[in-house]
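Here the sequence shown stands for residues 0 to 490, where the numbers follow numbering that gives the first Met the number 0.
Cβ coordinates follow ideal geometry from the N, Cα and C atoms, glycine included.
Here is the structure we will look at.
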Amino acid sequence: MSDGAGLGMENYDGLRSFIESCREIDECVDIDEADWDLEIGTLTEAAAEKIDAPPMLLFDRIKGYPKGRRVVCLPIASPNRVALVLGLPLDAPKLELVRLAARKIRDADPIPPREVATGPVMDNAIAGDDVDVLAFPALRSHPWDGGRYIGTGDNLINRDPDSGYVNVGTYRMQVHGPGLLGLWMSPGQQGRTICERYWAKGEACPVVATFGGDPLMFLASHIKFPWGTSELDVAGGLRGTPMDVVKGPLTGLPIPARAEVAIEGEVPPPGEQSQDEGPFGEWPGYYSGGTIGTGEKQPVIRVKAIYHRDDPILINMAPLWPGAPQDGIQFRSGLIWDQIEAAGIPDVVGVYAYHAYMVVVAIRQRYAGHARQAGMAAVSCAAAARNGRFVVVVDEDIDPTDMKEVNWAIQTRVDPASDIEILDGWWGTPLDPRMPPERRDAGDHTNGRAIIYAVRPYMWRDRFPRVNRAEPAYLKEVMEKYRGVLDFPKG
Ligand SMILES: Cc1cc2nc3c(=O)[nH]c(=O)nc-3n(C[C@H](O)[C@H](O)[C@H](O)COP(=O)(O)O)c2cc1C
Ligand SMILES: [Mn+2]
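Pasting the structure below:
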């Protein structure tokens with residue numbers, strides 16, 4: 000195993016260092032002259048769906064744009080690239096990486112950012128009438144999207160007026176006009192709560208947004224940390240050095256110095272200005288927003304200034320259907336694993352969370368009732384509680400990251416009459432495609448859960464038939480012997 004700490008601190012240059020590290024492990028493919036209108040989105044979907052651990056795609060000379068205005072897609076779509084971002088070992092089994100990533104995120108001591116006078120992001124500054132967000136190749140990714148989206152792997156930065164803490168979150172941003180962006184923040188998101196505190200006073204909320212920058216910022220910005228924890232401090236803590244930030248000339252908010260593109264602007268109270276948003280193809284595999292959702296108008300960002308590096312690189316993370324995964328690992332898995340253990344459940348040997356609505360928990364059964372205890376903990380722990388449908392409990396011989404094995408366990412170890420438990424009234428979200436219109440309209444975003452106990456029944460586990468698969472050690476030996484004859488994958 001080599002070490003993913005290739006993003007050494009010397010000469011560290013955020014996204015650009017990350018891309019170079021990806022080239023070193025042969026996980027970056029350059030593509031010229033693709034179209035921002037559907038072609039890049041469709042190729043990204045094809046790569047994510049058809050290629051296991053697909054490479055990062057770096058698009059340049061995008062149709063209608065000069066050379067240098069680039070977009071990177073699938074930045075963290077392989078386990079090795081997740082390991083690179085977090086400085087973890089390369090080529091670790093997926094489940095081990097899940098655990099290491101969760102530990103690293105949990106144990107890193109936050110380091111506040113360091114203010115610097117200027118940075119590469121300030122090399123080009125545009126303000127006033129010259130502001131035009133379409134100077135950058137914002138994509139239309141899915142055929143029924145309501146427009147082009149510049150913000151998909153973005154960071155929205157705003158400051159809580161009461162406590163002063165600075166939040167960073169990833170919320171989608173549609174291009175409404177040269178200086179106007181749509182902003183979709185789900186109810187309860189921290190960035191939204193901060194906006195609401197300004198709106199309550201009749202004021203617009205000052206914001207900074209970045210579109211491309213340090214991958215650690217993107218990582219921190221899309222993980223739910225407790226209210227009051229600044230994702231800037233988290234990113235610094237994960238890297239072990241403070242994030243350099245420049246004080247925004249208009250807002251006073253921190254602008255990450257090595258961001259590729261940043262804007263300063265404000266989000267007015269929706270009563271003053273708001274706009275139809277979407278539809279937008281979302282991660283459950285369906286469109287949301289527009290007339291499909293509540294039809295409610297959504298907040299906007301008035302863009303006052305744009306800053307960018309020379310030859311800037313946008314990060315695109317436009318959601319894809321769950322069969323085309325964009326995450327090398329699902330970070331949530333490790334958090335759920337920790338929380339199930341914190342509830343005191345023994346012998347949990349693996350947890351994996353699937354997009355969209357399934358969590359698989361593997362245990363070594365120690366007593367009658369153990370599986371049920373694990374299933375209930377998985378349904379209710381904080382990291383899994385908000386967006387769910389199915390929990391599957393499996394035995395220790397099943398790898399929860401391998402859907403083939405999970406599927407086999409469900410088909411062969413479950414008696415549907417007794418091994419599926421149905422619950423109702425659990426925490427959901429408006430993005431759930433199966434949310435009945437009347438519940439959605441009433442603001443009752445709850446749905447049911449099923450726990451599937453795909454384990455050998457504890458009381459007669461010793462009489463359960465023996466598994467018909469090759470012994471792992473011998474399987475490996477035979478694969479090695481015949482690797483020249485058949486094209487077996489690594490590992
Ligand atoms: C690619 C991507 C896009 C996302 N888009 C949105 C979005 O449009 N609206 C939203 O509310 N959350 C979105 N999220 C989820 C939030 O980023 C996530 O819940 C995060 O914790 C929000 O930050 P906060 O906890 O500081 O509120 C997205 C996540 C990812 C990975
Ligand atoms: Mn937050």
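Taking 7 Å as the cut-off, is the beta-carbon of residue i closer than that to any non-hydrogen atom of ligand 1?
{"i": "glutamine 188", "result": "yes"}
{"i": "arginine 171", "result": "yes"}
{"i": "histidine 221", "result": "yes"}
{"i": "serine 502", "result": "Coverage of the chain is limited to positions 0 through 490, which leaves residue 502 absent and any answer about it impossible."}
{"i": "proline 318", "result": "yes"}
{"i": "asparagine 386", "result": "no"}
{"i": "glycine 152", "result": "yes"}
{"i": "glycine 535", "result": "Residue 535 is absent from the structure shown; the chain starts at 0 and stops at 490."}
{"i": "tryptophan 426", "result": "no"}
{"i": "methionine 216", "result": "no"}
{"i": "methionine 375", "result": "no"}
{"i": "methionine 184", "result": "yes"}
How far does the alpha helix (DSSP H) with residue i in it extend, from its first residue to its last?
{"i": "proline 415", "result": "415–418"}
{"i": "isoleucine 104", "result": "93–106"}
{"i": "valine 477", "result": "471–480"}
{"i": "phenylalanine 17", "result": "13–23"}
{"i": "histidine 329", "result": "Per the sequence presented here, residue 329 reads as glutamine, with histidine not at that position. That residue, glutamine 329, is in no alpha helix (DSSP H); it is neither H nor E in DSSP."}
{"i": "phenylalanine 210", "result": "No alpha helix (DSSP H) contains phenylalanine 210, which DSSP labels as neither H nor E."}
{"i": "isoleucine 409", "result": "402–412"}
{"i": "histidine 369", "result": "369–379"}
{"i": "tyrosine 502", "result": "The shown model of the chain, from 0 to 490, leaves out residue 502, and the question about it has no answer."}
{"i": "leucine 237", "result": "230–238"}
Do you know how far the Cα of residue j is from the Cα of residue i?
{"i": "arginine 171", "j": "proline 186", "result": "14 Å"}
{"i": "glycine 442", "j": "glutamate 476", "result": "57 Å"}
{"i": "arginine 448", "j": "methionine 316", "result": "29 Å"}
{"i": "methionine 0", "j": "leucine 85", "result": "With a pLDDT of 39 at methionine 0, under the threshold of 50, the modelled position of this residue cannot be trusted, and the question is left open."}
{"i": "glycine 3", "j": "arginine 102", "result": "Confidence is the limiting factor: at glycine 3 the pLDDT is only 43, short of 50, which leaves the residue's position unreliable, though a coordinate-based value still follows. For glycine 3 and arginine 102, the distance between alpha carbons rounds to 16 Å."}
{"i": "glycine 5", "j": "proline 253", "result": "Any reading at glycine 5 must be qualified, since the residue scores a pLDDT of 44, below 50, and its modelled position is unreliable; the value itself is stated next. C-alpha separation (whole angstroms): 27 Å."}
{"i": "glycine 327", "j": "proline 53", "result": "9 Å"}
{"i": "isoleucine 110", "j": "leucine 138", "result": "34 Å"}
{"i": "glutamate 470", "j": "methionine 458", "result": "26 Å"}
{"i": "proline 88", "j": "aspartate 129", "result": "46 Å"}
{"i": "glycine 67", "j": "serine 273", "result": "33 Å"}
{"i": "glutamine 338", "j": "isoleucine 75", "result": "25 Å"}
{"i": "serine 140", "j": "glutamine 372", "result": "42 Å"}
{"i": "proline 429", "j": "glutamate 437", "result": "12 Å"}
{"i": "arginine 455", "j": "arginine 468", "result": "17 Å"}
{"i": "arginine 22", "j": "isoleucine 305", "result": "29 Å"}
{"i": "glycine 127", "j": "glycine 176", "result": "14 Å"}
{"i": "glycine 145", "j": "asparagine 123", "result": "30 Å"}
{"i": "aspartate 423", "j": "isoleucine 450", "result": "11 Å"}
{"i": "alanine 107", "j": "leucine 215", "result": "13 Å"}
{"i": "alanine 472", "j": "glutamate 295", "result": "58 Å"}
{"i": "proline 432", "j": "glycine 280", "result": "12 Å"}
Under 7 Å: does the beta carbon of residue i sit that close to some heavy atom of ligand 2?
{"i": "phenylalanine 224", "result": "yes"}
{"i": "isoleucine 239", "result": "The sequence shown places glycine at residue 239, not isoleucine. Glycine 239: no, Cβ never under 7 Å from ligand 2."}
{"i": "glutamate 281", "result": "no"}
{"i": "asparagine 467", "result": "no"}
{"i": "glutamate 230", "result": "yes"}
Where does the unbroken beta strand (DSSP E) through residue i begin, and where does it stop?
{"i": "tyrosine 306", "result": "299–307"}
{"i": "lysine 49", "result": "Taken as a continuous stretch (DSSP letters only), lysine 49 belongs to no beta strand (DSSP E), being part of the alpha helix (DSSP H) at 38–49."}
{"i": "histidine 354", "result": "Where histidine 354 is concerned, there is no enclosing beta strand (DSSP E), given that its DSSP letter is neither H nor E."}
{"i": "glycine 448", "result": "Reading off the sequence, residue 448 comes out as arginine, not glycine. Residues 445–453."}
{"i": "alanine 395", "result": "Reading off the sequence, residue 395 comes out as glutamate, not alanine. Glutamate 395 -> no beta strand (DSSP E), and no H or E assigned at all."}
{"i": "methionine 55", "result": "55–59"}
{"i": "asparagine 10", "result": "It is not in any beta strand (DSSP E) - asparagine 10 carries neither H nor E in the DSSP assignment."}
Hey, would you say the C-beta of residue i is under 7 Å away from at least one heavy atom of ligand 4?
{"i": "glutamate 195", "result": "By its list of ligands, the structure shown excludes ligand 4, since it contains just ligand 1 and ligand 2."}
Residue i: which of the options sits nearest, CA to CA?
{"i": "histidine 307", "options": "Gly152, Gly349, Leu252, Ala134", "result": "Ala134"}
{"i": "arginine 196", "options": "Asp440, Gly343, Pro268, Val454", "result": "Pro268"}
{"i": "glutamate 32", "options": "Lys489, Asp243, Gly63, Pro456", "result": "Gly63"}
{"i": "valine 360", "options": "Tyr366, Ala377, Ala367, Gly239", "result": "Ala377"}
{"i": "valine 28", "options": "Asp34, Gly483, Ile18", "result": "Ile18"}
{"i": "proline 241", "options": "Asp486, Arg113, Ala47, Arg468", "result": "Arg113"}
{"i": "tryptophan 282", "options": "Asn386, Ala82, Val393", "result": "Asn386"}
{"i": "glycine 168", "options": "Phe217, Glu340, Val391", "result": "Phe217"}
{"i": "proline 311", "options": "Leu57, Thr43, Ile39", "result": "Leu57"}
{"i": "valine 466", "options": "Asp394, Asn446, Ala234, Leu14", "result": "Asp394"}
Does residue i have its Cβ less than 8 Å from a Cβ in chain C?
{"i": "glycine 322", "result": "No chain C is part of this structure, which consists of one protein chain only."}
Open item on the list: So, does the stretch 95–107 touch the stretch 282–291, judging by three or more C-beta pairs under 8 Å?
Closed with: no
Open item on the list: Would you call the stretch 188–198 in contact with the stretch 243–259, where contact means no fewer than 3 C-beta pairs closer than 8 Å?
Closed with: no
Open item on the list: With a threshold of 8 Å, are at least 3 pairs of Cβ atoms found where one atom belongs to the stretch 355–370 and the other to the stretch 112–121?
Closed with: no
Open item on the list: Quick check: the stretch 259–276 against the stretch 203–216, are at least 3 beta-carbon pairs closer than 8 Å?
Closed with: yes
Open item on the list: For the stretch 325–338 against the stretch 376–395, do three or more pairs of beta-carbon atoms, one drawn from each stretch, fall closer than 8 Å, so that the two count as touching?
Closed with: yes
- [ ] Say whether the stretch 386–406 touches the stretch 143–160, bearing in mind that this needs 3 or more beta-carbon pairs closer than 8 Å, one atom from each stretch.
- [x] no
Task: At least three beta-carbon pairs within less than 8 Å, the stretch 336–352 to the stretch 408–422 - done: no
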